[in-house]
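Right, one structure below, let's go through it.
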Amino acid sequence: MVEVQRTRKIGSTVAGISILFAVATLILAGVPPLSPEAKRLPAASVSAGAVGSHALAAARDSLANGGGPAAGVPWSCQGSGGGVDCAASGPSSPSIATVTTLPSWNQLAFTPSARSVAGGTTMAYDAADGYVLLFGGANLTSPLADTWSFSNGLWTHLHPKTSPSARWGAAMTYDTAAGYVLMFGGYDGNVTAYGDTWSFVKGQWTQLKPTTTPSELFYAEAAYDANDSYVVLFGGVIGPAFAALSHATYTFAGGNWHKLTPPLSPPGREVAAMAYDAVDGWVVLFGGLNQTHGVIGDTWNFSAGHWTNRTGALTASPKPRDLAAMAYDAADKSVILFGGRTGASKELGDTWSFAHGSWTRPTPAYAPSARGAEGLSATTSTGGVTLFGGGPASGGLAADTWSYGGGVWNRVLPPQPAPRFAAMAAYDVADGCVVLFGGEGVSEIYGDTWTFSGGNWHHLHPAIAPSARILGMMAYDGADGYVVLYGGADLVTGNYLNDTWTFHGGLWHELPLPSPTRGITLPGAVFGSITFDAADGYLLMFGGLNQSTVGSIDLGTTLEFSDGNWSVAAPTTSPPARDGAAMAYDSWDGEVVLFGGENISANVTYTYHDTWVWSGGSWSDASSKPSPPGRVAAAMVYDETDGYVLLFGGLNETGAYIIFGDAWSFVGGLWTKLAPAVSPGRLWGAAAAFDAKTSTVVLFGGTGSAAAPFIFPQGTWTY
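Residue numbers (my numbering): 363 to 1081.
The following block contains the structure:
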């Protein structure tokens, strides 16, 4: 952690940004703006005589953009003499009771949760959709019904319209002939064993209605026999009472199950391992748990409706085990088996390959820890396998992901920005993603670029990018169609920056400084406030810290950015100079809202708790009671879903340090304290933006400590 302190002399380590000990933060919310014509017009200023055709045009524009007649305001129109007069007929602002329903924070998971050993992990490669599919299982207390996909190193939590009920121990494989993933049976952990059949394709589950079907089974195994063009189902526990094991063989083709009567069959078993060996054209079955013989280690092949016991002809074989996982690797042209559990309940961590009727044991230098009940699936149709989860029966369940190919295991870490604070964030309307840049971590100042979309973070590597920094100002410019980043602190040089960058289509571009002929000198600034003023059609920036001969000083300047150029505004009234204030554009009221911040003069810190609004080129004091306590480094965005400005967290350092974890809404000129059921906790310096695609506020990073060494909780939250 680089400690950033405000002093009267700027040092080479960036001493200048401080709040007596180490300040650093700026959250900037980019909000998808309404067009200036479609913005809400205050009811008090609208009348039938004054609005006329302009109001009708605004109503048409709003409707064309998916809004109400005037971005959510009820209108009344009357025609007379060939003309139309319209006026706002509803209230001037919504009440909190009508715009929100039990708001709450939700911490995002970037991998499925750990599954219990008893529940196992049900996975299969979905060739139609091009990803690994995971369904259900169980945690330590109950069965699960979640659906996940895995592709290109990313897990994505899917939310299909319908879904099988929560269960574990289902059999699942991809049915190539039918073009969907097929799942059968399972157990709810209580009294119900299932005999239902489901298909999954294009992100949706559908319950099938075969005329013939196996009895209720769980812990059975399934594999698609490509040589014979049907799914093979074998073994499992019959019914919920664990009374008997099945030794029946079923096939699924043409939408129906068919029971076979081969002359020779493997003994009945549960939690075995089974996969189709494409190079040899047969299904491979290994091991499992048998009521009479316990954990077994036999190897069988199934082809053309017949089972063949290969065990006696093998020169090498895995130890007897159950709860192992097996999948076919198309690149290595072999079936891969990993892990499992011995009869003495000892977890195994060995890797085996089966091809041409023989087992061989690769010895990779790096591999997953010993475990059982893990999931294993082909990664793609062209090669590789993916392993997820598993663990020992005594606990310590894993939620890690591994890939295997060419005899090498690699752990797949879900992409996510390193924990940090003082990062910059904005929602990029043009590209449909939240953009995150920079910030300060445990031992590094970042200059990395991340986007958040589809429930996942994506690390970009543009050839040209701003230098590493903290405390810059970033927002989406709705008029020009790109994200704008201004200033920040460069900890290498110790300087406050005055550079301007735009971000669009995954690329950064630096804008030139204003021409001297324009008479504008941009201050090197950090910890200011910025947002897009949709009503007036430009970016608005206020305050921050600037270097001077006597140290860092607070700014009280208002700047506007439009068409790639900065200009200095000259309002008759302004908020007092400050840094670290929170600012957002209120789409409902059509104005910019600024709250809090601080000013340090003569080593005395004053934390503001005033509220200001910017509208039509002027600032006005909109402070009212109740009001959030004074703070800096709070996260503030406009929540388009709930229809209010949302303020979260922050720090008050006047006297004793107080870190906040409260949430407030601002609408219609009034602050209201919210009571979300779940909260990220006490944080300051978090980055936040409203994600228009998912209609949620996204919050990342921040710190929950008030003095170095800082603690950075890892986590992405939505509201």
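For glycine and all other residues, C-beta sits at the position ideal for the given N, C-alpha and C.
Per-residue burial, residue i [other beta carbons within 10 Å of its own, 16 or more giving buried]
i: Ala996; result: buried
i: Arg733; result: buried
i: Asn552; result: exposed
i: Asp983; result: exposed
i: Pro874; result: exposed
i: Thr1093; result: The structure shown does not extend to residue 1093, since the chain spans only 363 to 1081, so no value can be given for it.
i: Pro885; result: buried
i: Leu626; result: exposed
i: Gln909; result: buried
i: Ile807; result: buried
i: Glu583; result: buried
i: Pro988; result: exposed
i: Arg831; result: buried
i: Glu953; result: buried
i: Ile962; result: buried
i: Val994; result: buried
i: Tyr728; result: exposed
i: Val804; result: exposed
i: Thr851; result: First, the amino acid is wrong: residue 851 is Ala here, not Thr. By the 10 Å Cβ count, Ala851 comes out buried.
i: Val494; result: buried
i: Asp691; result: buried
i: Ile826; result: exposed
i: Gly942; result: buried
Supposed contact pair residue j and residue i - C-beta distance, whole angstroms, cut 8 Å
i: Tyr858; j: Ile892; result: Contact flag wrong, Cβ pair sits at about 15 Å.
i: Gly992; j: Asn1014; result: 6 Å
i: Phe957; j: Met998; result: 7 Å
i: Asn468; j: Val846; result: At roughly 29 Å, the Cβ-Cβ gap does not stay under 8 Å, so Asn468 and Val846 are not in contact.
i: Gly913; j: Gly905; result: Wrong, their Cβ atoms sit about 17 Å apart, outside the cutoff.
i: Trp1079; j: Leu520; result: Contact flag wrong, Cβ pair sits at about 20 Å.
i: Asn927; j: Pro876; result: 7 Å
i: Trp976; j: Asp895; result: 7 Å
i: Val747; j: Ala689; result: 5 Å
i: Glu632; j: Gly597; result: 6 Å
6 Å Cβ shell around residue i - same chain, five flanking residues per side excluded
i: Ser743; result: Ala489
i: Ala585; result: Thr535, Val594, Met636, Ala637, Tyr638 and Val645
i: Thr673; result: Asp660 and Thr661
i: Ala555; result: Tyr549, Glu578, Phe580, Gly601 and Pro602
i: Gly616; result: none
i: Ala528; result: Pro505, Leu506 and Ala507
i: Ala606; result: Ile600
Where residue i sits in the DSSP three-state scheme
i: Pro505; result: strand
i: Gly674; result: helix
i: Arg529; result: strand
i: Arg354; result: Lying before the first or after the last residue shown, residue 354 is absent from the chain, which here runs from 363 to 1081.
i: Arg773; result: strand
i: Arg733; result: strand
i: Arg703; result: strand
i: Gly428; result: Summary for Gly428: the model assigns pLDDT 41, below 50, so the residue's position carries little reliability; its value from the coordinates is reported in the next sentence. In this structure, Gly428 counts as coil in the three-state DSSP scheme.
i: Ala1069; result: coil
i: Ala391; result: Reliability fails at Ala391, whose pLDDT of 31 lies under 50, so the model's placement of it is uncertain and the value that follows must be treated cautiously. Reduced to three states, the DSSP call for Ala391 is coil.
Close Cβ partners of residue i (< 7 Å) along its chain, the five nearest in sequence each way excluded
i: Gly794; result: Ser815 and Lys1055
i: Pro624; result: Thr611, Gly667, His668 and Trp669
i: Ala1051; result: Ala391, Gly392, Ala787, Ala788, Tyr789, Val796, Val999 and Val1060
i: Gly1064; result: Phe783, Gly1011, Leu1045, Trp1046, Gly1047 and Ala1048
i: Leu388; result: Confidence at Leu388 is low in this model, with a pLDDT of 30, below 50, so the placement of that residue should be treated as unreliable; the coordinate-derived value is given next. Taken in chain order, the residues that qualify are Ala784, Met786, Leu833, Gly834, Met835 and Phe889.
i: Pro724; result: Thr713, Ser715 and Gly769
i: Ser1067; result: Ile1073
i: Gln653; result: Leu607
Residue-level contact to chain D via CB, residue i, 8 Å cutoff
i: Ser977; result: Of the protein chains in the structure, only one exists, and it is not chain D.
Own chain partners of residue i with C-beta closer than 8 Å, once the 5 adjacent residues on each side are dropped
i: Ser591; result: Thr538, Ala539 and Ala615
i: Trp560; result: Pro526, Leu544, Met545, Phe546, Trp567, Thr568, Gln569 and Leu570
- Item | Cβ contact check for the region 476-492 and the region 529-544: 3 or more pairs under 8 Å | yes
- Evaluate contact between the region 810-823 and the region 769-785, counting only Cβ atoms and requiring at least three cross-stretch pairs below 8 Å. yes
- Item | the region 757-771 contacting the region 1016-1030, beta-carbon criterion three pairs below 8 Å | no
- Query: So, do the region 688-699 and the region 713-720 have three or more beta carbon pairs nearer to each other than 8 Å?
  - Reply: yes
- Please determine if the region 648-663 and the region 700-714 are in contact, where contact requires at least 3 C-beta pairs separated by less than 8 Å. yes
- Query: Do the region 501-508 and the region 560-571 meet, that is, are 3 or more Cβ pairs less than 8 Å apart?
  - Reply: no
- Task: Would you be able to state if there are at least three C-beta pairs under 8 Å between the region 766-773 and the region 521-528?
- Result: no
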